[in-house]
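Asker:
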Amino acid sequence: MEIVEAFDNNDIEAILSHVTDDIEWQMIGDQGIQGKENLRKFFSDHADMKIISCTKDYVIIEGDRGSVSGNVQCSNGKGQDFDLYYCDIYELKNGKVNKMISYNVNKK
0 MEIVEAFDNN DIEAILSHVT DDIEWQMIGD QGIQGKENLR KFFSDHADMK IISCTKDYVI
60 IEGDRGSVSG NVQCSNGKGQ DFDLYYCDIY ELKNGKVNKM ISYNVNKK
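Numbered by numbering that gives the first Met the number 0, the letters in the sequence shown go through residues 0 to 107 in order.
#1: Which same chain residues, not among the five before or five after Glu90, have their C-beta less than 6 Å away from its C-beta?
#2: Would you mind listing the beta strand (DSSP E) stretches within the region 5-86 that are 3+ residues and don't spill past its ends, in chain order?
#3: Starting from the Cα of Asp47, find the closest Cα among Asp56, Asp7 and Gly76 and give me that residue.
#4: Name the one or two DSSP bridge partners that Val104 has.
#5: Whole-angstrom Cβ separation of Tyr85 and Ser101, contact assumed at under 8 Å?
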């Protein structure tokens, strides 16, 4: 899935090019984002947060749904790194991501 590579490369414009205008992103236990422009604002507000490395231990794609899970290391640009287990679930509409659900668990 190209959107996963865009996240890995911290390529915000590529991420946005792979989502619908009415994208829903639910970060379980945290916040939800509705709409492409709100997603753009989220990335702008968190511009210092970058993925350093990411594994893809499981990738499942079936029809218009996909899931990727593994480990991710992020930095907030202020000397703090975060090591997380993650699972992202995607639903597509007309070839673009219409819904994302993210589960993240701190490894510490």
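All C-beta atoms in this analysis are idealised placements derived from N, C-alpha and C, irrespective of residue type, glycine included.
Remember, it's a predicted structure, so these values are computed and weren't measured experimentally.
Answerer: Let me lay it out:
#1: Arg64, Asn97 and Lys98
#2: 18-26, 31-33, 49-53, 57-61 and 64-74
#3: Gly76
#4: Tyr84
#5: 7 Å
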